[in-house]
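Order-wise, the sequence lines are chains E and A. For the first sequence, the working numbering begins at 589 and goes up steadily by one. For the second sequence, the working numbering begins at 589 and goes up steadily by one.
Protein chains: 2
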Amino acid sequence: MSTFTEENYLKAIYKLGHRGEDWVSTNSLAEILNTKASSVTDMVKKLAEKDFVNYKPYTGVNLTAKGLEIAVGTIRKHRLWEVFLVERLDFKWDEVHEIAEELEHINSDELVLRLEKFLGYPKYDPHGDPIPDRNGKVLHHKNRVLSDLKINEEAIIVGVKEHAPSFLQYLEKHNLLLGTRIKVRNKFEFDHSLVVEVKGIENTVSHQVAKNLYVVNE
Amino acid sequence: MSTFTEENYLKAIYKLGHRGEDWVSTNSLAEILNTKASSVTDMVKKLAEKDFVNYKPYTGVNLTAKGLEIAVGTIRKHRLWEVFLVERLDFKWDEVHEIAEELEHINSDELVLRLEKFLGYPKYDPHGDPIPDRNGKVLHHKNRVLSDLKINEEAIIVGVKEHAPSFLQYLEKHNLLLGTRIKVRNKFEFDHSLVVEVKGIENTVSHQVAKNLYVVNE
DNA sequence: TTAATTTTTTAGACTTATCTAAATTTTTTA
DNA sequence: TAAAAAATTTAGATAAGTCTAAAAAATTAA
């Protein structure tokens, strides 16, 4: 069994660990968990004792198989609940993160399986993030972002890297929702902004936006 | 704001307080909360400081308006989630208590309102308990139990007083579900058991069962 | 390659919720 | 109504998770 807090630590380690480094640093964890480095050190030792993480002093942590299972399980629950909130309760995609952050810690395997079935076995959450299956398998297909595209390349928006409500609201206002077909018309070296065509209309998009939109060709 | 634990204390005080005594005793709280009297004393002082309860040493506690609101709100959430679990996720009525016990602490007014709408504004949970409305109003119509009926009186089962899975499973096996029309055929002074007729079939029912079934005439 | 800076850990303290054991108050009973 | 029993509270400890301040280790830079 793991607690609310432990699950949040494991989730954070998972998210940082899957973006590069082999060892996740104390400081980076403190930052995304909104806590202090000293608290992280304490907690990480407890997680190591429970065999949820490997911990090397002054180096960092990474997940054991046991820790990985809990982390992915928590993310799975988070994303399934987000689908429920948006598709069944009519929340908007920028309103669900906080609530799902609580719901993800509800502890019942049976509940998750039935929720998944009720929702029709969705593969992605409302932000385009893949939902891990019951065995912890995650699809990782989102390797390109809008700013990677060349001039005249066409693609479809399939996900967002940034989940801040303000970003999601921006996308909504600018017709840049998931599933939208988009074509790069021009790119500017100076500020890395680009001109894109969406539904026949041209618009300028900043680098900040372009690098946070996952796309696929086709 | 109130914590998980505080909500459970307030709920417990509400349940005990609405069954008689003006002041709920430390010991009775300890018993239903599965904790020790000394822990209850500590907690109750903290609740009094937050103005959730009135506390008189060596006498007991009762709820303030603020405490009542939290208690009823928590019960409202619990019962709405139970409806969701049974009606949408196909759980059985004897499987939902534990899960709802966790879900009831999720903190979002908007979520509760949308869940209630999604479920079609149900008035009762799967055990026949009334769901408080958004203003905290609760229908209290279940004043009679099966053992109160006289010989040849007829009634309909509308709720259960006891929620233990073993009791609910017993009722299912004996066709004593909510909505069932029932007629008392005989009553025995000796052990207070009674003979009832359900769908033309006669069956003996123990006092233990009869006093835990809420009924209404007609 | 030593000094300065940054990162990480340790030490000691706080809060919440709990416990056991002892003390106190209330209630019961003889 | 005084003694015994039961209920309640206090005192002192513990565990989880956090904090600040200081010490130690690692990294960067001159």
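Where a beta carbon is used, it is the ideal one built from N, C-alpha and C, also for glycine.
Three-state secondary structure assigned by DSSP to residue i
| i | result |
| --- | --- |
| Leu673(A) | helix |
| Tyr646(A) | coil |
| Ile687(A) | helix |
| Val772(E) | strand |
| Leu635(A) | helix |
| Tyr712(E) | strand |
| Arg732(A) | strand |
| Glu594(A) | helix |
| Leu656(E) | helix |
| His810(E) | A question about residue 810(E) goes unanswered here, because the residues of chain E that appear run from 589 up to 806. |
| Thr629(A) | helix |
| Lys665(E) | helix |
Residues that DSSP places opposite residue i in a beta bridge
| i | result |
| --- | --- |
| Tyr602(A) | According to DSSP, Tyr602(A) bridges with nothing at all. |
| His747(A) | Rather than His, the amino acid found at residue 747(A) in this sequence is Gly. Paired residues: Tyr802(A). |
| Leu782(A) | Lys775(A) and Val793(A) |
| Val641(E) | Leu651(E) |
| Glu742(A) | Lys771(A) |
| Pro718(A) | Tyr712(A) |
Residue i: first and last residue of the uninterrupted beta strand (DSSP E) it sits in
| i | result |
| --- | --- |
| Ile789(A) | Ile789 to Val793 |
Endpoints, the alpha helix (DSSP H) within which residue i is located
| i | result |
| --- | --- |
| Arg702(E) | Asp697 to Phe706 |
| Pro753(E) | Pro753 to Lys761 |
| Glu619(E) | Thr614 to Ile620 |
Counted within 10 angstroms of its Cβ, other Cβ atoms place residue i as buried (16 or more) or exposed
| i | result |
| --- | --- |
| Lys713(A) | Looking at the sequence itself, residue 713(A) is Asp, so the reference to Lys does not match. Flag for Asp713(A) reads buried. |
| Thr591(E) | exposed |
| His729(E) | exposed |
| Tyr802(E) | buried |
| Met589(A) | exposed |
| Tyr597(A) | buried |
| Asn800(A) | buried |
| Asp610(E) | exposed |
| Thr614(E) | buried |
| Ile789(E) | exposed |
| Gly708(E) | exposed |
| Pro645(E) | exposed |
| Arg667(A) | buried |
| Ser754(A) | exposed |
| Ile687(A) | buried |
| Glu760(A) | exposed |
| Ala600(E) | buried |
| Gly747(A) | buried |
| Ser626(E) | exposed |
Residue i: CB within 7 Å of a non-hydrogen atom of the ligand FMN
| i | result |
| --- | --- |
| Asn615(E) | With respect to the ligand FMN, the structure offers nothing, as it holds no ligand at all. |
Would the stretch 673-681 of chain E and the stretch 689-708 of chain A be scored as touching if the rule is three or more Cβ pairs under 8 Å? A contact exists between the stretch 673-681 of chain E and the stretch 689-708 of chain A.
Touch test, the stretch 774-792 of chain E against the stretch 716-726 of chain E, Cβ-Cβ under 8 Å, three pairs minimum: With fewer than three CB-CB distances shorter than 8 Å, the stretch 774-792 of chain E does not count as touching the stretch 716-726 of chain E.
Check whether the stretch 658-671 of chain E touches the stretch 685-692 of chain E, taking contact to mean three or more Cβ pairs, one atom from each stretch, closer than 8 Å. Remark: three or more beta-carbon pairs, one from each stretch, lie closer than 8 Å, so the stretch 658-671 of chain E and the stretch 685-692 of chain E are flagged as touching.
Quick check: the stretch 636-648 of chain A against the stretch 789-799 of chain E, are there 3 or more CB pairs under 8 Å? Output reads no: the stretch 789-799 of chain E does not touch the stretch 636-648 of chain A.
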